[in-house]
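What follows is a single structure, written as structure tokens, with notes after it.
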Amino acid sequence: MLKEQIIQSLNAVREQKPLVVNITNYVVMNNTANALLAVGASPIMAHSQQEMAEMMSFAGALVINIGTLDSVWTPRMSFAVEQANNNDKVVVLDPVGCGASQLRTETSRQIAASANKLIIRSNASEIIALAGEQAQSKGVDALDSSDAALGAAQFLVSEYGANVVISGATDYVVTKEQVVKLNNGHEMMPFVTGMGCTLTALTGAFAAAGDETGLAAAAVLGVVGEIAAEKSRGPGSLQMNLLDELYLLDENALLERLKLS
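Using my numbering, read the sequence shown as starting at 807 and increasing by one per residue.
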């Protein structure tokens, strides 16, 4: 049944072509915009408070990625979340580097607390730090396993009323109702910068089309990464092939390759 739901979500994104507003970091803007286009969504990288109220009145979801955080960005993010709340839209939070600095940790918690409809997509160390536990990280890179973050993820579900996606060698999607384990993807994927950010952006697209758990995006990127890696010599060609496979992904590939429980 979960596989069918994922396929239906992919079809919905391609049919609806939802607009996804991204306040994201400078490193990944091009990558994430191209990934959204490839899967069938419509990206806009909107950072100005002057247009945010209007933008969130017709956009499908808001993605907040704190990767290149500073004092200028923080109030913009807070204002954007307010507008998402006013329009009953999902906020997808990527707390990049949470735990690496007090600024990132406090900002992540403030955004999480202020969003009415929230999905948190992050690596294990960031999830653990966001929950207030001691995490092992090096900058924005996780040193904790996805399994180690399950308790922290369940705390965040309870604390913020959020759904949580832990990405890593194994992905977990944690909601109030269930925990889904995904074992797709490829070991080459962490060598492409912004792969997690790409998942966050895709999570926004699927949320805009009705999947507010984060499951469909994680499943799709895992399968696509697997297929793309088989055709790639290294991280450079993987990045290119990933976009092609996102664009070409069909129902049969999902049914054949998805490993979930």
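Ideal placement from N, C-alpha and C gives every residue a C-beta, glycine not left out.
Hey, is residue i close to the ligand FMN, as in C-beta under 7 Å from one of its heavy atoms?
i: G938; result: Looking at this structure, you won't find the ligand FMN or any other ligand, since it has none at all.
Use the C-beta contact count for residue i: other C-beta atoms within 10 angstroms, 16 or more gives buried, fewer gives exposed.
i: A1011; result: buried
i: K895; result: buried
i: D876; result: exposed
i: N892; result: exposed
i: G873; result: buried
i: M807; result: exposed
i: E1018; result: buried
i: I812; result: buried
i: G1040; result: exposed
i: Q984; result: exposed
i: N871; result: buried
i: E1051; result: buried
i: S943; result: Its pLDDT being 48, under 50, S943 is placed unreliably in this model, and the value from its coordinates should be taken loosely. Under this definition S943 is a buried residue.
i: S964; result: exposed
i: N1058; result: exposed
i: S907; result: exposed
Could you tell me which of the options sits nearest to residue i, measuring between CA atoms?
i: M835; options: S815, A1007, L1055 and E1057; result: A1007
i: V986; options: K895, S952 and A841; result: S952
i: L842; options: A1013, L1066 and P996; result: A1013
i: L1021; options: L1066, Y966 and T913; result: L1066
i: Y1053; options: A955, A859, E1018 and A844; result: A844
i: K823; options: N831, A865, I812 and Q811; result: A865
i: A992; options: E983, I1033 and A958; result: It is His, not Ala, that sits at residue 992 in the sequence shown. Closest option to H992, Cα to Cα, is I1033.
i: V878; options: E821, A921, K809 and N831; result: N831
i: V971; options: L924, V998, A886 and E939; result: L924
i: L937; options: K1037, A958 and N922; result: Note that residue 937 is Ala in the sequence shown here, rather than Leu. Closest option to A937, Cα to Cα, is A958.
i: K982; options: G974, Y966 and S973; result: Y966
i: N922; options: S884, V998 and E1057; result: S884
i: L1048; options: E857, T880 and V998; result: V998
i: T1009; options: S1038, K1037 and S973; result: S973
i: G846; options: Q856, A818 and M1046; result: A818
Determine whether the beta carbon atoms of residue i and residue j lie at a separation below 8 Å.
i: I926; j: A918; result: yes
i: S815; j: G1002; result: no
i: N837; j: T976; result: no
i: R882; j: I829; result: yes
i: A930; j: A955; result: yes
i: T911; j: G905; result: yes
i: Q889; j: A859; result: yes
i: L1027; j: A1035; result: no
i: L1064; j: A1025; result: yes
i: S928; j: D900; result: yes
i: M995; j: G1042; result: no
i: L962; j: I933; result: yes
i: M862; j: A886; result: yes
So, under 8 Å CB-CB, residue i and residue j are touching, yes? Tell me the CB distance rounded to an integer number of Å.
i: V869; j: G1000; result: Not confirmed; about 13 Å, so no contact.
i: V979; j: Q960; result: Contact flag wrong, Cβ pair sits at about 12 Å.
i: V826; j: S848; result: 7 Å
i: A867; j: V898; result: 6 Å
i: N990; j: V1029; result: 5 Å
i: L1055; j: K809; result: Actually they are not in contact, since the Cβ atoms of L1055 and K809 sit about 13 Å apart, beyond 8 Å.
Exercise. Which runs of the beta strand (DSSP E) fall wholly inside the segment 963-1036 and span at least 3 residues, in chain order?
Worked result: 969-973, 977-980 and 985-988
Problem set entry | Entirely enclosed beta strand (DSSP E) segments - the segment 881-945, minimum 3 residues | Segments of the beta strand (DSSP E) lying fully in the segment 881-945: 896-900 and 924-929.
For this session: Can you check the segment 848-873 for any alpha helix (DSSP H) of at least 4 residues that lies completely inside it and give the ranges in chain order?
Result: Restricted to the segment 848-873, the alpha helix (DSSP H) segments that are unbroken, complete and at least 4 residues in length are 855-864, listed in chain order.
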